[in-house]
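Numbering (the UniProt record's numbering), first residue to last: 1 to 125.
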């Protein structure tokens with residue numbers, strides 16, 4: 001909730017979505033303001049994205065109903081022409097709504113580079 005609270009606005013959610021949010025994010029006051037600084041908002045969304053790198057992290061973030069906060073933040077950012085924040089939100093939303101990676105690829109920060117591509121990369125440097 002500490003990463004999500006500054007990103008949340010005064011939007012109202014239906015009871016089902018609201019009940020799945022952490023207690024600190026349920027029924028926020030109508031005058032709730034988001035973090036003013038777009039750079040801080042980007043950092044917060046990037047931190048959430050990094051938490052989603054592992055399967056257990058994704059499960060935790062999804063269980064906190066992060067998607068609904070990100071959905072509303074994305075709408076707000078696009079309405080206010082904050083493209084950097086909106087693009088960062090979009091990347092996180094894609095992780096939240098996508099299927100889980102296949103076995104052996106659960107950690108999104110690691111990937112196997114085919115040998116022929118690795119040789120090309122090494123010859124460039």
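Glycine is no exception: its CB is placed at the ideal position from the N, C-alpha and C atoms.
Asked: Residue 33 (DSSP reduced to helix, strand or coil); Found: coil
Asked: Under 7 Å between C-beta atoms of residue 114 and residue 85; Found: no
Asked: Coarse secondary structure for residue 11, derived from DSSP in three states; Found: coil
Asked: Boundaries of the alpha helix (DSSP H) in which residue 126 is found, first to last residue; Found: Nothing about residue 126 can be reported from this structure: the residues present for the chain run from 1 to 125 only.
Asked: Beta-carbon proximity of residue 64 to residue 22, cut-off 7 Å; Found: yes
Asked: Beta-carbon gap between residue 92 and residue 48 smaller than 7 Å; Found: yes
Asked: Residue from 66, 116, 70 whose Cα sits closest to the Cα of residue 19; Found: 66
Asked: Coil, strand or helix - residue 89 by DSSP; Found: helix
Asked: Close-in-space but distant-in-sequence residues of the same chain around residue 95 (CB under 6 Å, 5 per side omitted); Found: 52
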